[in-house]
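Peer 1:
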Amino acid sequence: MQHPNSYKLSFLLLLVLLVVCFGISISFGSVSIPFSDTLSAIFGGETQKESWGYIIKNYRIPKAITAMLAGSGLALSGLLMQTLFRNPLAGPFVLGISSGASLGAAILIMGSSLLSGFLTFGLVNDLTITIAASIGSFAVLLAVMLVAAKVKDTMALLIIGLMFGSITAAIVSVLSYFTAAEQLQQYIYWSFGSLGNLSWNQLALLGTIISIGIFLSVLSIKSLNAFLLGENYARSLGVNIKKQRYIIIAATGLLAGGITAFAGPIAFIGLAVPHLTRQIFNTTNHKTLIPAVLLYGAILMLLCDVIAQLPSSAYVLPINAITSIVGAPVVIWLLVRKKKMVF
Amino acid sequence: MNPIKPKNITFHVSNLSIGYSNKKQQNLISTGINFDLQQGELTAIVGINGIGKSTLLRTLGNVQPKLKGEIHIDNKVIEDYKSGELASKISLVLTEKIASKNLTVLEVIALGRQPYTNWIGTLTPTDKAKITEAITLVKLEGLQHKKCYELSDGQLQKVMIARALAQDTSIILLDEPTSHLDLYHKATILKLLKQIAHKTNKTILFTTHEIEVALQLCDKILVLEKQNSNFGTPNELIATNKFDTLFPKDTIVFDATSGSFRVV
Chain G
13 MQHPNSYKLS
23 FLLLLVLLVV
33 CFGISISFGS
43 VSIPFSDTLS
53 AIFGGETQKE
63 SWGYIIKNYR
73 IPKAITAMLA
83 GSGLALSGLL
93 MQTLFRNPLA
103 GPFVLGISSG
113 ASLGAAILIM
123 GSSLLSGFLT
133 FGLVNDLTIT
143 IAASIGSFAV
153 LLAVMLVAAK
163 VKDTMALLII
173 GLMFGSITAA
183 IVSVLSYFTA
193 AEQLQQYIYW
203 SFGSLGNLSW
213 NQLALLGTII
223 SIGIFLSVLS
233 IKSLNAFLLG
243 ENYARSLGVN
253 IKKQRYIIIA
263 ATGLLAGGIT
273 AFAGPIAFIG
283 LAVPHLTRQI
293 FNTTNHKTLI
303 PAVLLYGAIL
313 MLLCDVIAQL
323 PSSAYVLPIN
333 AITSIVGAPV
343 VIWLLVRKKK
353 MVF
Chain A
7 MNPIKPKNIT
17 FHVSNLSIGY
27 SNKKQQNLIS
37 TGINFDLQQG
47 ELTAIVGING
57 IGKSTLLRTL
67 GNVQPKLKGE
77 IHIDNKVIED
87 YKSGELASKI
97 SLVLTEKIAS
107 KNLTVLEVIA
117 LGRQPYTNWI
127 GTLTPTDKAK
137 ITEAITLVKL
147 EGLQHKKCYE
157 LSDGQLQKVM
167 IARALAQDTS
177 IILLDEPTSH
187 LDLYHKATIL
197 KLLKQIAHKT
207 NKTILFTTHE
217 IEVALQLCDK
227 ILVLEKQNSN
237 FGTPNELIAT
247 NKFDTLFPKD
257 TIVFDATSGS
267 FRVV
C-alpha cells in the first residue's frame, strides 16, 4: 500500500552520500595524504610514502568502518526503543545500557586504582575496558530483562531503565570521588568516546555483534509495525508480545551495548537519526525505516567523525561531544518546526 | 446462506465470571454470564458504570484472562486457540488510542492484514482488495492518506472499525465505539455496525451507554448485572421488565411504552 518506488531514489541518494562521506572520512586526518594516494591505498596500489598506505589501511579505514557500524547500530537501537516504548524521546540510553557500560569501565579503571598497585598492574588497557564495559552493559540489560518479565507495563520499564541509569551514574560519582587524578582522567577519556582504537579483529567482533542485532530487528519488522498500534492491538493481531519484547530488547542491548563497549558512550545519534529519517521517508513501516536509519546513522556518524578530526590538524575532538553538539540542536529544530514529536 | 438452516453460533459463553485476580485475591466483577451470539447479529452490552462491560469485552477478546466459566468460539474453547489463530477469528476496537498517531489511515487499516501476510508483512492483491473493501464499506475514501493526528474522534473511530474489517474476522468486538461522539455520529457509527453485521454476516458485539439507541438498532442486548445477566432481543427484555432494575429506582425509571429512561 506504500509507494515503494518513490523511496528508491531516496535510498539511492543516501547510498551515494554514504560512499562520499566514507571517502571524505578517510581522506582527512592529522596527516594530509593526497587524494590519488588515498584511492590507490584503498584499492591495494602503491602510495608515494609507505607510511601513508599504512595509515589508511590500519587506521583510517578501520575508523571509518567503526563510525559506520556505530552510527547504524545506535540509530537502529533508537528506532527500536521509540517503537517499543511508544515514546519519541526514547533512545538506547534510556534502558540504562550505556550507563551499564560506563559502570563496567568505571569499576575497572577506578576500582583497580583503589586496590594495591602491583596487583592490578597492566590490568587496565583497551581490551579489558571493552570487556568490562560489555559485562556492565549486559548486567544492566539482564536486570532490565528480569524486571521486564515481572512488569507488564512498558512505560514502567522505561522508568526502571532510567533508574538503573541514575544508580550507575551515582556509583560512578562515588568511585570518582575516591580515585586518583590519573585514573579519573583515563575514565574521562574513555567517556569521551573514540572510534579510532579498534583493530581489524575487534572490528570483526563488533561487526558480528551488530549483524546479529540487525538480524533480530529484521525478523521483528512485522511485530514492530503492530506495536505502533499499541500492545493490546498488537496482541489481537497475533503478535506474541512477551517474546517480541525480549527479542527487541536483546537486539537493542547487543547494538547499543556492543558499540558503547568498543567506542565508548556516543550520545544523541540513537535519538536523533530516527527522527531525521522520518523527515525523508514519510512512513511508519519498519520495512522501509530499518534500512533507512542504518544508512542515515552511518552517514551522520561519518560526518561527525570528520568534524571531530578537525581536518588537517593534529587534534581529535571527543566524538561524544561532537554528536551532542550536532544532535541536540537537530532535536530542538525538529520540535520547533513540527511543534510536536511523533514516531 | 440458506435461510432455513439455523444461523451458526459463533460465540457461546456459559457461566462466565469476569474480574481481576492476582496471587493474593480475586476481584470478581460479574458472575453468571450466559449468552450465544449468532452470525450476522449486532449485539450491545449495556449496564451501569463499573459493572464490567469493558472487562467482559476484554475477556472475550482474550486481552485479559477469565476467572471462571467457558468461552467457545466456533465450537472451540478460547484457550485452545493459538494467538495467531485467534487473530483471524476476533478483531478488536478498543477505547485506548493507538500508540503512534503518525500512521496514515491506510497504514492503520493495512495493519489489520497482519494475520495473513508473510513474515515481512508484504500485502498480496487479496490483502489489498480486502483493505479497499473495508475502506469502501466505512466510506473513508477521501481520508486514506491523512495522518491519524489530523483526524477527528469520529473519523478515527471509523478508521479503527475499518481496520477491524480488514482483519476479516467472523467476530468484531468494540469497546464503547460511540463515546466522545455527538448524537449524530453515535447513530452513524451504530447504523454502520448494523449494516456491516447484516451485510457481511459478521457477529458484532459492542459495549455502550446509549441504551435507548441500542434498543432501536440492535438485534440482541446483554444487560450486564453483578449476578445473572439477562440476554435477549430488545422486545423480550422490555416485555420481561429487565431494564427496570438497571439503574437505582429513586433516580431513573424505565418507560416500557416509549423504550426510554426518565429522570425521577
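Protein sequence lines, in the order shown, are assigned to chains G and A.
For the first sequence, the positions run 13 to 355 when our numbering is used.
For the second sequence, the positions run 7 to 270 when our numbering is used.
The C-beta atom is built at its ideal place from N, Cα and C for all residues, glycine as well.
Note that this is a predicted model, so its numbers are computed, not measured.
Taking only heavy atoms of the ligand ZN into account, decide whether any of them is closer than 6 Å to the Cβ of A:ILE167.
Peer 2: Among the ligands in the structure shown, none appear at all, so the ligand ZN cannot be discussed.
Peer 1: Run through DSSP, which three-state label would G:THR264 get?
Peer 2: The residue given as residue 264 of chain G occupies position 252 in the first sequence. Residue state, collapsed to three classes: helix.
Peer 1: Distance check for A:LEU66 and A:LYS11, CA to CA, integer angstroms please.
Peer 2: Locating residue 11 of chain A in the second sequence gives position 5, counting from the first residue. Locating residue 66 of chain A in the second sequence gives position 60, counting from the first residue. Its pLDDT being 48, under 50, A:LYS11 is placed unreliably in this model, and the value from its coordinates should be taken loosely. Distance between the alpha carbons of A:LYS11 and A:LEU66: 27 Å.
Peer 1: Show which residues of chain A have a CB atom less than 9 Å away from the CB atom of G:THR296.
Peer 2: The residue labelled residue 296 of chain G in the question sits at position 284 within the first sequence. What G:THR296 touches in chain A: SER106, ASN108, LEU109, THR110 and GLU113.
Peer 1: Which one of A:ILE244, A:VAL229, A:LEU189 and A:THR101 has the shortest CA to CA distance from A:VAL219?
Peer 2: In the second sequence, residue 219 of chain A corresponds to position 213, counting from 1. Minimum Cα distance to A:VAL219 is reached at A:LEU189.
Peer 1: Would you list, in chain order, the members of the segment 64-82 of chain A that have their beta-carbon closer than 9 Å to a beta-carbon of chain G?
Peer 2: From the segment 64-82 of chain A, only ARG64, GLY67, ASN68 and VAL69 have a Cβ closer than 9 Å to chain G.
Peer 1: In the DSSP assignment, the alpha helix (DSSP H) including A:ASP188 goes from what residue to what residue?
Peer 2: Start at 1 with the first residue of the second sequence, and residue 188 of chain A comes out as number 182. Looking at the DSSP string, A:ASP188 is not in any alpha helix (DSSP H), and its letter there is neither H nor E.
Peer 1: Can you check which of these residues, A:PHE249, A:LYS95, A:LYS232 and A:ALA105, is closest to A:THR239 by C-alpha distance?
Peer 2: Within the second sequence, the letter at position 233 stands for residue 239 of chain A. Answer by Cα proximity: A:PHE249.
Peer 1: Any beta-carbon of chain G closer than 7 Å to the one on A:LEU199?
Peer 2: Working through the second sequence from its first residue, we reach residue 199 of chain A at position 193. No - not a single Cβ of chain G is within 7 Å of the one on A:LEU199.
Peer 1: Straight-line CA distance for G:GLN14 to G:LYS299?
Peer 2: For the purposes of this step, residue 14 of chain G is taken as the residue at position 2 of the first sequence. For the purposes of this step, residue 299 of chain G is taken as the residue at position 287 of the first sequence. Bear in mind that the predicted position of G:GLN14 carries a pLDDT of just 47, short of 50, making it too unreliable to give a figure here.
Peer 1: Buried or exposed for G:TYR245, please, with buried defined as at least 16 other CB atoms from any protein chain shown within 10 angstroms of its CB.
Peer 2: As a working note, residue 245 of chain G is residue 233 in the first sequence. It is buried - the Cβ of G:TYR245 has at least 16 other Cβ atoms within 10 Å.
Peer 1: Rounded to whole angstroms, what's the CA-CA distance from G:PHE293 to A:TYR26? Just pull it up for me.
Peer 2: Residue mapping note: residue 293 of chain G aligns to position 281 of the first sequence, counting from 1. Residue mapping note: residue 26 of chain A aligns to position 20 of the second sequence, counting from 1. Those two C-alpha atoms are separated by around 43 Å.
Peer 1: Just the Cα atoms here: how many angstroms apart are G:ALA279 and G:PHE105?
Peer 2: On the first sequence, residue 279 of chain G is found 267 positions in, with the first residue counted as 1. On the first sequence, residue 105 of chain G is found 93 positions in, with the first residue counted as 1. Answer to the nearest angstrom: the Cα atoms are 8 Å apart.
Peer 1: What is the DSSP secondary structure of G:PHE23, reduced to helix, strand or coil?
Peer 2: For this step, residue 23 of chain G is matched to residue 11 along the first sequence. Correct three-state label for G:PHE23: helix.
Peer 1: Grouping DSSP H, G and I as helix and E and B as strand, with all else coil, what is G:ILE278?
Peer 2: Position 266 of the first sequence, counted from the first residue, corresponds to residue 278 of chain G. DSSP, read as helix, strand or coil, puts G:ILE278 in coil.
Peer 1: Who are A:ALA50's beta bridge partners in DSSP?
Peer 2: Here the question's residue 50 of chain A lines up with position 44 in the second sequence. Answer is A:PHE212 and A:ILE227.
Peer 1: Check whether the segment 83-95 of chain G and the segment 146-162 of chain G are in contact - that is, three or more C-beta pairs closer than 8 Å.
Peer 2: no
Peer 1: Can you name the residues of chain A whose CB is closer than 9 Å to the CB of G:ILE233?
Peer 2: As a first step, residue 233 of chain G is located in the first sequence; it is residue number 221 there, counting from the start. Under the 9 Å cutoff, chain A gives TRP125, ILE126 and GLY127.
Peer 1: Going by DSSP, name the residue or residues bridged to A:GLU76.
Peer 2: Residue mapping note: residue 76 of chain A aligns to position 70 of the second sequence, counting from 1. Answer is A:SER20.
Peer 1: Could you give the uninterrupted runs of the alpha helix (DSSP H) lying entirely in the segment 101-187 of chain A, keeping only those of 4 residues or more?
Peer 2: 111-117, 131-144 and 159-172
Peer 1: Comparing the C-beta of A:GLN161 with each C-beta of chain G, is any distance below 7 Å?
Peer 2: Residue numbering aside, residue 161 of chain A sits at position 155 when the second sequence is read from its first letter. For A:GLN161, the answer is no, since every Cβ of chain G falls outside 7 Å of its Cβ.
Peer 1: Indicate whether A:ILE51 and A:ILE35 have their beta-carbon atoms separated by less than 7 Å.
Peer 2: On the second sequence, residue 51 of chain A is found 45 positions in, with the first residue counted as 1. On the second sequence, residue 35 of chain A is found 29 positions in, with the first residue counted as 1. Going by C-beta atoms, A:ILE51 is not nearer than 7 Å to A:ILE35.
Peer 1: With burial defined as no fewer than 16 other Cβ atoms inside 10 Å of the residue's Cβ, what is the status of A:ALA135: buried or exposed?
Peer 2: Along the second sequence, read from residue 1 onward, the residue named residue 135 of chain A stands at position 129. Exposed.
Peer 1: Nearest chain A C-beta to G:SER248 closer than 7 Å, yes or no?
Peer 2: Sequence index remark: in the first sequence, residue 248 of chain G carries index 236 (1-based). Chain A contact via Cβ: present.
Peer 1: If you draw a straight line from the C-alpha of A:ILE227 to the C-alpha of A:GLY58, how long is it?
Peer 2: The residue you call residue 227 of chain A lines up with position 221 of the second sequence. The residue you call residue 58 of chain A lines up with position 52 of the second sequence. Linking A:ILE227 to A:GLY58 through their CA atoms gives a straight-line distance of about 15 Å.
Peer 1: Considering only the beta carbon of each residue, do A:ILE177 and A:ILE96 sit closer than 7 Å?
Peer 2: Here the question's residue 177 of chain A lines up with position 171 in the second sequence. Here the question's residue 96 of chain A lines up with position 90 in the second sequence. In contact: A:ILE177 and A:ILE96 (Cβ atoms closer than 7 Å).
Peer 1: So, does the segment 194-208 of chain G touch the segment 326-338 of chain G, judging by three or more C-beta pairs under 8 Å?
Peer 2: yes
Peer 1: At the level of alpha carbons, what is the spacing between A:TYR87 and G:ASN99?
Peer 2: Along the second sequence, read from residue 1 onward, the residue named residue 87 of chain A stands at position 81. Along the first sequence, read from residue 1 onward, the residue named residue 99 of chain G stands at position 87. Their backbone Cα atoms lie some 32 Å apart in a straight line.
Peer 1: Does any residue of chain A have a CB that is nearer than 7 Å to the CB of G:MET13?
Peer 2: Locating residue 13 of chain G in the first sequence gives position 1, counting from the first residue. Interpretation of G:MET13 is limited by its pLDDT of 44, a score under 50 that renders its predicted location unreliable; no figure is taken from the coordinates.
Peer 1: Near A:PHE237, which residues of its chain fall below 6 Å by C-beta distance, leaving aside the five closest residues on each side in sequence?
Peer 2: Numbered from its first residue, the second sequence carries residue 237 of chain A at position 231. The answer, listed in chain order, is PHE41 and LEU228.
Peer 1: Could you have a look at A:LEU98 and say whether DSSP puts it in helix, strand or coil?
Peer 2: Along the second sequence, one-based indexing puts residue 98 of chain A at 92. DSSP places A:LEU98 in strand when its eight states are reduced to three.
Peer 1: Rounding to the nearest angstrom, what Cα-Cα distance links G:THR50 and G:SER44 in this structure?
Peer 2: Residue mapping note: residue 50 of chain G aligns to position 38 of the first sequence, counting from 1. Residue mapping note: residue 44 of chain G aligns to position 32 of the first sequence, counting from 1. Answer to the nearest angstrom: the Cα atoms are 10 Å apart.
Peer 1: Can you grab the Cα-Cα spacing for the pair A:LYS192 / A:LEU221, in whole Å?
Peer 2: Residue numbering aside, residue 192 of chain A sits at position 186 when the second sequence is read from its first letter. Residue numbering aside, residue 221 of chain A sits at position 215 when the second sequence is read from its first letter. Between A:LYS192 and A:LEU221, the alpha-carbon positions lie close to 14 Å from each other.
Peer 1: Using the Cα positions of G:PHE355 and G:ALA284, report the straight-line distance between them to the nearest angstrom.
Peer 2: Position 343 of the first sequence, counting from 1, holds the residue named residue 355 of chain G. Position 272 of the first sequence, counting from 1, holds the residue named residue 284 of chain G. For G:PHE355 and G:ALA284, the distance between alpha carbons rounds to 11 Å.
Peer 1: Going along the chain, which residues of its own chain have a beta-carbon closer than 7 Å to the beta-carbon of A:LEU117, five neighbours each way excluded?
Peer 2: Mapped onto the second sequence, residue 117 of chain A falls at position 111. Cβ within range, chain order: ARG169.
Peer 1: Would you say G:ARG98 lies against chain A (beta-carbon separation less than 7 Å)?
Peer 2: Numbered from 1 along the first sequence, position 86 holds the residue referred to as residue 98 of chain G. Closer than 7 Å: yes.
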